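Take the sequence shown: its letter number 273 is residue 273 in full-length UniProt numbering, and every next letter is one higher. Here a beta-carbon is modelled for each residue, glycine too, at the ideal position from N, C-alpha and C. All values reported here derive from a predicted model rather than from experimental measurement. Take a look at the structure set out below.
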Amino acid sequence: MDNKEFVSRAVEAKRDEIVNVSDQIFNYAETGFHEFKTAKLYEEVLKKEGFQVEMGLAGMPTAFKAQYGEGKPVVGFLAEYDALPELSQKGGCTMRTPAEGDNPDGHGCGHNLLGAGTLAAALAVKAYLEENPGKGTVVLFGCPSEEKGNGKTIMARDGVFDCLDVAFTWHPGDVNCVATYSTLANVSVFFRFKGVTSHAAAAPEVGRSALDAAELMSVGVNYLREHIISDARIHYAYRDVGGIAPNVVQGHSCVHYFVRAPKSWQVQEIYKRVIDVAEGAAKMTGTEMTYELYAGLSDYIPNHVLSQVLQESMEEIGAPDFDENDFALAKKFFFETATESELEAKKAALKKKFGAENLEKILEHPLHTEIAPLTWTGAVLPGSTDVGDASYVVPTAQLSEATATLGTAGHTWQMTAHGNTEIAHKAMLAAGKSMALAGIKVMEDPELVKKARAEWMEETGGVYECPIPKEIGPRLEE
C-alpha cells in the first residue's frame, strides 16, 4: 500500500470522529481565549488516541500541544478553533437564520473545520508512525484566538514552536490550492489623550481638549499617508470622544489605530512615525498622550520547498469528491444569499479568475473541483494572520480547500452556514489527507527538511522580532 492509500484509509477510518469534533466545535462557537469546551474536547480526543497532551501553553488555558512518536524530524500541524462575534447561523440554511440558543457567535471563518482538519492530519501521521516507529514525531498545536488575540504570535515569542522542524496548516475557503501568497504584518494600538474639561463658552481658555488632540492626530496621520509606501495601510476608529455635550471641552479621548504593511520592519517604521504624530497633537493641544500596543502580527513567509510538497500531496489526494447534492446546495448558496449587485460582482470575479468561457459551467456547479496549479506571483493578501509569526520561527506552508461555494467571503454568515455541511466535511477531510501525506513525505526524505530550513534561514536570517513585547500577555479577560 502506498502512502496516498495509507493516508486516505487512515483518515476515512476516523471520519466519524473527525466530523463529530468539527460539528461539536461548530455548535460551541467560542470566541478567542474562551474556547474552553473546545480545548477540553481536543484534550479528550487526543489522549484517547494515544497522544501526550500538554495544556495551557504560553499562559493561555486553551492552547495545547499533543505529541506522538520520537526522533527527527518533528512535523507540526497548527490548529485554530476560535469563532467570530455575532455570526451565529444555522448550518446549511441559505437564509439569515441564527442558530438555536442564546450564543450570538459563529464560525464565520471556518475554524471548526480548520482545527478538525489538522486533527485528521495528526491522526493519519500517528497511524503511519505506529507502523514505522522511529521515523519522526508528529505534534498538533492548538492555537487559540487567531481572530483577536494573536495566539500564535505569543506562542512563537515564547518559544513554543522551537521544537518543530517544519509546520503545516490550512484554511477553509472556496478554492483548492496551496497558499503561495504572503500576508500583511500589522500592529493594533490605542492612543489616549487626557485634557482638562471646562465650559466651552464661559471658560474656553481653561480647557484643554482631548477630542481636539485626537482629531489633530487623525489629520496628521492622513497627511502622513502620502509619505509611506503605497502598500501600507493605516486604519482608525474613535473609541472615546469624551462625551456628548458640545458645550464642554472634552477631557478624555481614545482612538484605535491599525498599521499594516507587507513586512514587519515596515510596520515598525510607520508605527514610530504615527507615535510622533500623536505626540505632536498632544503638544499642540496641551494634553497628555499615552499609547497602548494591543496586538501585533508578522507577515507570512510561505516556504517554497514545503509548498511544493503540499502541492504534490494535494494533487495525489485530489479535490473533494462533491456530488449532485453538494452542487445543488452550492447553487442555492450562490444565487439565493446575495443581492443582485453582489451576484453580479461574484460573476465578474469568477470570469476574471476562471475565464468567461467557463462561467456557465461554473454557475451550474459552483464548487471548485480541481487543484489549482502552484504559482508564485509575489502577491500579498490584503489581510493578516498569526501564521506569519509561526513562519518566522519554523519553515511553514499552508493550503486552502473549498469548504464553501465559489465566491463565498470569509467573516460572513454565509461562511458560517457552510460550516457543518457535507461540502465542508469533504473538503476538511481532503485537507487533512493532503497535510498528512506532506508530513509523511518529509519524514521519509530528510533532504526536504534540510532544503526547507536552508530556505527559511535565507529568508529570515534565523531572526524573529516579535511585534508583541514580552510584558504583554494574552488578553484572557476580553
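- Sorting 89, 459, 222, 68 by C-alpha distance to the C-alpha of residue 77 places 68 at the top.
- Beta-bridge partners assigned by DSSP to residue 234: 259.
- Rounded to whole angstroms, the gap between the alpha carbons of residue 335 and residue 283 is 55 Å.
- At a cut-off of 4 residues, not a single continuous stretch assigned as alpha helix (DSSP H) sits fully inside the segment 281-313.
- Residue 396 and residue 225 have their alpha carbons spaced roughly 33 Å apart.
- Counting the other Cβ atoms within 10 Å of the Cβ of residue 145 gives 16 or more, which makes it buried.
- Between the alpha carbons of residue 64 and residue 325 lies a gap of roughly 37 Å.
- Under the 10 Å beta carbon count, residue 52 is surrounded by fewer than 16 other beta carbons and is classified as exposed.
- In the three-state reduction of the DSSP assignment, residue 77 falls in the strand class.
- Ranked by Cα distance from residue 86, the first of 248, 342, 31 is 31.
- Apart from sequence neighbours up to five positions away, the residues of its chain that approach residue 436 with a beta-carbon distance below 6 Å are 7, 121, 124, 125, ordered along the chain.
- In the displayed model, residue 51 falls within coil according to three-state DSSP, outside both helix and strand.
- Rounded to whole angstroms, residue 170 and residue 359 show a C-alpha spacing of 27 Å.
- DSSP places residue 240 within a strand segment (E or B) once states are collapsed to three.
- Restricting attention to 450, 260, 327, 331, the CA atom closest to the CA of residue 380 is found in 260.
- Looking at the DSSP output, residue 182 sits in a beta bridge with 380.
- One thing to note: residue 190 has its Cβ no nearer than 7 Å to the Cβ of residue 214.
- In this structure the segment 445-465 does not lie against the segment 281-295, because fewer than three pairs of beta carbons, one per stretch, are closer than 8 Å.
- Distance from the CA atom of residue 363 to the CA atom of residue 348, rounded to whole angstroms, is 12 Å.
- Runs of beta strand (DSSP E) with 3 or more residues, each lying fully within the segment 61-134, are found at 64-70, 74-79, listed in chain order.
- Taking all protein chains in view, the Cβ of residue 229 is surrounded by fewer than 16 other Cβ atoms within 10 Å, so the residue is classified as exposed.
- Residues 156, 392, 393 of the same chain have their beta carbon placed closer than 7 Å to that of residue 464, with the five preceding and five following residues left out of the count.
- In this structure, the alpha-carbon of residue 196 lies about 60 Å from that of residue 354.
- Shown here, residue 208 sits in a strand according to DSSP, grouped into three states.
- Counting every other CB atom within 10 Å of its CB across the protein chains shown gives residue 16 a total below 16, marking it as exposed.
- The shortest C-alpha to C-alpha distance from residue 88 to any of 71, 430, 25 is the one to 25.
- Here DSSP, grouped into helix, strand and coil, assigns residue 396 to strand.
- The C-alpha of residue 262 is placed about 19 Å away from the C-alpha of residue 462.
- In terms of Cα proximity to residue 209, the closest of 258, 222, 247 is 247.
- In the DSSP assignment, residue 199 is bridged to 248.
- Taking residue 404 as reference, the option from 390, 302, 419 with the minimal CA-CA separation is 419.
- Close CB contacts of residue 46 within its chain, under the 6 Å cut and outside five residues either way in sequence, are with 53, 66 (chain order).
- DSSP places residue 401 in the strand class (E or B) of the three-state scheme.
- When the alpha-carbon of residue 301 is set against those of 106, 152, 390, 478, the nearest one is in 390.
- Going by DSSP, residue 59 is part of no beta strand (DSSP E) at all; its letter is neither H nor E.
- The criterion of a C-beta distance shorter than 7 Å is not satisfied by residue 127 and residue 295.
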